[in-house]
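**Student:**
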Amino acid sequence: MPSARRFITLFFLIFPVWIFAVTPSESSLRSAIVKVYTVVKSPNYSMPWSSSIQQISGSGAVIEGKRILTNAHVVANRTFIEVQRYGERKRYIATVEAVSHQLDLALLKVRDPLFFKGIKPLKLGKLPEIEQKVSVYGFPMGGDTLSVTAGVVSRIEHQRYVHSGESFLAIQIDAAVNPGNSGGPAISDGRIVGVVMEGIQKAQNISYLVPTVMIRHFLKDLKDGHLDGVPAFPVLTQPTENPTLKRYYHLGKYDGGVLADKVLGLGGLKGMLKQGDVITSIDGHPIQEDATVAFRRDEYTNYEYYAQLHQLGEKLRVTILRKGRKMHLKVPLLKTANQLLLVGTYRYDKMPSYFIFGGYVFSPLTRNLAVRVARSHIDLIPYVEDFATKRRREVNLMLRVLPSAISRGDYGYLYWPIAKVNGQKVADFLDLYRKIVLSNTPTVILENKTGTRIVIDRKEAMKKQREILRRYNIEYAESPDLRSAGIQNSL
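Residue 1034 is where the sequence shown starts when you use the working numbering, and the numbers rise one by one after that.
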């Protein structure tokens, strides 16, 4: 009688069994692709009491948990969202469950259970290989029905995400992508390998995906019901390619690492990392002299990649050289880039902050505004490149002056940074508001960093306030956030 092992071997020789990876059929896959219709209220940062309404569309994919994965920029500043299944004409009302403007990702929910009937959710795949084939699904311009374009992965490295302005790992593909494809999935072997986020208009078939490694970070972040964001490594660094710099900081000819130029005060690393430290590895991964790390064999990207894989509040392992002495540290990741910058990252989903005092319009400097007016007001650029401190958390502007009898001679002040109010330095926009509106001095003296002054008569400003608002058809003297802050005022 043959042994059991021999019997099994003979069975497979006579009756070969083929094992395949199970992938969804094309019809099943297409049923999970949706079109997203969004009504957008776009703020006007130069005249913050006004806005415009427009309609846009994008794409998305149904994933586990009866959620729709799409781009943040498809639903940013939304007032109303509808989604439409592939092969159907009915639109369903959707709401935003969560949005990461950092990673340009959003999750939508649909209450009507009929929307998900018969849909098999798509699953997330691994980070694809270079030259791996992908298919992009979505509803781009040029038609109403589902579009599928094919391409390959061209490169994987850090890229600037246009929506947030921050740099994260991204996948470049050569598939044709057009407006309307945003938020749609790139599929390989039946799984999502990325979400379409942007294309280069003047280039031929160069488009970028948010990779699943960052999508998974987003989903993991949400597990506790609160989105914290991707942490920033709060140290300004430079590469160590220069041979003289290497010798000065006790590095060998073939050693790598990055030199710490500045440890940001609000980053929470005071006393741990110091200016002049050379960071040689991060989470056990050696940092090359050009400030890159290997994320796969022979593939490199920005060294902050391994910090960005962490959740906010976690600790990062770093190895440093301090005056030639090797040290191993665990440093906490406590802040996002938006919390460290003097002028934060791009703002969405809320109207700009402002208040009007006697026709003088005040607002904080935002990245949205700075990018819009940078060419004509280059003096604002240094603020955008600076970092916040405990004493200075925002840049405050005299945004414009509405012409009236009390403001003659001041009409030319536009996007004018304010350093002091009545001789006192200003920390942030709320501090500016309190110093101007809630004080009882007879005059309000505004001063910039060079000492130029604007003087406002408080009594006249309050007397003419309503008349000026009516003249310029402005309903409120304050933005919604100030009106709901509970601060007593007489505007």
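Ideal Cβ positions, reconstructed from N, Cα and C, are used throughout, including at glycine.
So, using beta-carbon positions, are N1104 and G1216 closer together than 8 Å?
**Tutor:** yes
**Student:** Can you tell me whether L1269 is helix, strand or coil according to DSSP?
**Tutor:** strand
**Student:** By DSSP's criteria, M1360 is part of a beta bridge. Which residues make up the other side?
**Tutor:** I1353
**Student:** Would a C-beta distance cut-off of 8 Å place V1185 and V1210 closer than the cut-off?
**Tutor:** No; because the gap between Cβ atoms is not below 8 Å, this pair is not in contact.
**Student:** Would a C-beta distance cut-off of 8 Å place G1262 and Q1341 closer than the cut-off?
**Tutor:** With contacts defined as CB atoms closer than 8 Å, G1262 and Q1341 fail to qualify as a contacting pair.
**Student:** Could you spell out the range, first to last residue, of the alpha helix (DSSP H) harbouring Q1372?
**Tutor:** A1370 to L1373
**Student:** Quick check on V1108: does DSSP put it in helix, strand or coil?
**Tutor:** helix
**Student:** Can you look up H1019 in the DSSP assignment and give me helix, strand or coil?
**Tutor:** Since the first residue shown for the chain is 1034 and the last is 1524, residue 1019 is missing from the structure and cannot be characterised.
**Student:** Looking at C-beta atoms only, is the number of pairs between the stretch 1283 to 1295 and the stretch 1149 to 1157 that lie closer than 8 Å three or more?
**Tutor:** no
**Student:** For T1182, which residues in the same chain have their Cβ closer than 6 Å to its Cβ, ignoring the five residues on either side in sequence?
**Tutor:** V1169, A1208 and A1209
**Student:** Less than 8 Å between the CB atoms is what I'm expecting for K1497 and G1391, so what's the real figure, rounded?
**Tutor:** 6 Å
**Student:** Could you tell me whether the Cβ atoms of Y1448 and W1082 are closer together than 8 Å?
**Tutor:** With a cutoff of 8 Å on beta-carbon distance, Y1448 and W1082 are scored as not near each other.
**Student:** Tell me which residues share the same chain as A1421 and place their Cβ nearer than 7 Å to its Cβ, disregarding the 5 neighbours each side in the sequence.
**Tutor:** The residues are L1299, L1373, L1374 and L1375.
**Student:** Just checking my contact of V1143 with V1116 at CB under 8 Å: how many whole Å lie between their CB atoms?
**Tutor:** 6 Å
**Student:** Given F1040, which residues of its chain have a CB within under 6 Å of its CB, disregarding the five upstream and five downstream residues?
**Tutor:** At F1040, the pLDDT of 38 sits below 50, so the modelled position is not reliable and the matter cannot be decided from this model.
**Student:** Would you check if there are 3 or more beta carbon pairs closer than 8 Å linking the stretch 1486 to 1501 to the stretch 1412 to 1420?
**Tutor:** In short, these stretches do not touch, since the Cβ pair count stays below three.
**Student:** Below 8 Å between beta carbons: does that hold for R1111 and V1067?
**Tutor:** no
**Student:** So, H1101 versus L1147, is the Cβ gap smaller than 8 Å?
**Tutor:** The residue asked about is misnamed: residue 1101 is Ile in this sequence, not His. Contact: no.
**Student:** Cutting at 6 Å between CB atoms, please list the residues of its own chain near D1514, excluding the five before and the five after it.
**Tutor:** S1386
**Student:** Please list the terminal residues of the continuous alpha helix (DSSP H) segment that includes E1059.
**Tutor:** E1059 to S1064
**Student:** Since L1430 is in the beta strand (DSSP E), which residue starts that stretch and which ends it?
**Tutor:** Taken as a continuous stretch (DSSP letters only), the beta strand (DSSP E) holding L1430 covers N1429 to V1434.
**Student:** Could you say which of S1075, Y1070 and I1096 lies nearest to R1124 if we only look at CA atoms?
**Tutor:** Y1070
**Student:** Could you say which of I1489, E1427, Q1271 and L1138 lies nearest to V1470 if we only look at CA atoms?
**Tutor:** I1489
**Student:** Would you mind stating whether I1353 and I1312 have Cβ atoms separated by less than 8 Å?
**Tutor:** yes
**Student:** Specify whether the stretch 1265 to 1272 and the stretch 1356 to 1369 touch according to this definition: at least 3 beta carbon pairs, one from each stretch, less than 8 Å apart.
**Tutor:** Touching, per the Cβ criterion.
**Student:** Just verifying my parser: in three-state terms, what is the DSSP assignment at L1413?
**Tutor:** helix
**Student:** So, is A1438 buried or exposed, given that buried needs 16 or more other C-beta atoms within 10 angstroms?
**Tutor:** Classification of A1438: exposed, given that the 10 Å Cβ count is below 16.
**Student:** Could you check what DSSP says for N1401 in three-state terms: helix, strand or coil?
**Tutor:** helix
**Student:** Going by Cα to Cα distance, which pick from G1158, Y1281 and Q1271 is closest to V1243?
**Tutor:** G1158
**Student:** Pull up the distance between the alpha-carbon of A1324 and that of Y1333, whole angstroms please.
**Tutor:** Per the coordinates, the alpha-carbon of A1324 lies some 10 Å from the alpha-carbon of Y1333.
**Student:** Grouping DSSP H, G and I as helix and E and B as strand, with all else coil, what is Y1466?
**Tutor:** helix
**Student:** Taking Cβ positions, are S1221 and E1231 nearer each other than 8 Å?
**Tutor:** no
**Student:** By DSSP, does E1418 sit in helix, in strand, or in coil?
**Tutor:** coil
**Student:** Based on the DSSP output, what are the partners of Y1170 in its beta bridges?
**Tutor:** Y1170 pairs with V1181.
**Student:** List the endpoints of the continuous beta strand (DSSP E) containing P1553.
**Tutor:** Past the edges of the chain, shown from 1034 to 1524, lies residue 1553, and the structure says nothing about it.
**Student:** Could you tell me which of E1508, V1417 and Q1205 sits nearest to E1164, measuring between CA atoms?
**Tutor:** Q1205
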